[in-house]
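Comments concern the structure below.
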Amino acid sequence: MTTVQTARGPIPTTDLGVVLMHEHVFVLSPEIIANYPEGWGDEAAREADAVEKLNALKAVGVDTIVDPTVIGLGRYIPRIQRVAAQTDLQIVVATGVYTYNDVPMYFHFTGPGTGMGGPETMTDLFVRDITEGIAGTGVKAAILKCATDEPGVTPGVERVLRAVAQAHVRTGVPITTHTHAGTRRGLEQQRIFAEEGVDLTRVIIGHSGDTTDLDYLEELIAA
């Protein structure tokens with residue numbers, strides 16, 4: 423039986439039902455919350471609000487959401503676990519890094535081309551999230567996430583794209599992306615993924631519906 427990982431553990435793929443593929447339960451800046459907590463408010467109230475909205479979604483026929491919230495968007499799995507425990511709607515979580523420009527400062531010092539060198543740390547972390555679970559929670563990521571926006575493939579963005587691609591090759595987990603469709607960024611993503619050996623049939627080029635450029639969309643489909 424084929425299964426997929428969710429915030430409450432693995433389920434048969436036949437139980438996924440109606441799925442929304444790109445829904446953030448929370449998008450947060452943890453350092454801002456830690457230093458200016460008045461902008462976040464009461465944790466329990468925020469979680470209750472999320473539960474209410476997810477239950478309303480379930481009531482209209484949605485069974486599962488894919489939450490592509492990763493590093494850079496405030497991923498905190500214990501919070502998602504608490505929410506998931508209070509709703510029948512299933513939540514699939516992601517691993518990856520979300521940036522339009524540079525990598526988080528931590529990765530400036532480890533990995534290829536950095537002062538300390540060594541293998542790409544991000545790839546190993548993504549694989550661990552998928553195979554072992556995230557931060558001791560036992561929740562395993564079931565999809566990889568990365569982003570390219572208007573600035574294009576900056577050195578930091580390229581590192582993330584290649585790390586995500588390498589994690590896909592090692593695990594087989596699908597990839598979902600953020601793009602700036604108006605500047606045709608999905609084509610750059612596909613090129614880098616192909617260079618790393620990614621199965622492009624396992625990639626969702628995000629926000630493609632933001633453009634009516636049919637030539638661009640047909641190029642994405644043909645890749």
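Going by this note's numbering, the letters in the sequence shown line up with residues 423 to 645, in that order. From the three backbone atoms N, C-alpha and C, an ideal C-beta is built for every residue, glycine too. Note that the structure is a prediction, hence the values are computed from the model and not measured.
Sequence-distant residues of the same chain with beta carbon closer than 6 Å to residue i, five excluded per side
i           : result
residue 510 : 480
residue 592 : 549
residue 516 : 490, 492, 563, 565, 567
residue 462 : 455
Buried versus exposed, by CB contacts within 10 Å (16 or more), residue i
i           : result
residue 545 : buried
residue 613 : exposed
DSSP three-state assignment for residue i, whether helix, strand or coil
i           : result
residue 600 : strand
residue 456 : helix
residue 486 : strand
residue 449 : coil
residue 620 : coil
residue 428 : strand
Endpoints, the alpha helix (DSSP H) within which residue i is located
i           : result
residue 635 : No alpha helix (DSSP H) contains residue 635, which DSSP labels as neither H nor E.
residue 608 : 607–617
residue 476 : 465–481
residue 585 : 577–593
Own chain residues within Cβ distance below 8 Å of residue i, not counting five before or after
i           : result
residue 599 : 567, 568, 569, 570, 608, 611, 625, 626, 627, 628
residue 645 : 609, 612, 616, 622
Sub-8 Å separation of residue i and residue j beta-carbons
i           : j           : result
residue 554 : residue 587 : no
residue 508 : residue 486 : no
residue 620 : residue 643 : no
residue 441 : residue 469 : no
residue 502 : residue 449 : no
residue 444 : residue 488 : yes
Close-in-space but distant-in-sequence residues of the same chain around residue i (CB under 7 Å, 5 per side omitted)
i           : result
residue 543 : 529, 532, 533
residue 646 : With the chain covering 423 to 645 only, the question about residue 646 has no answer from this structure.
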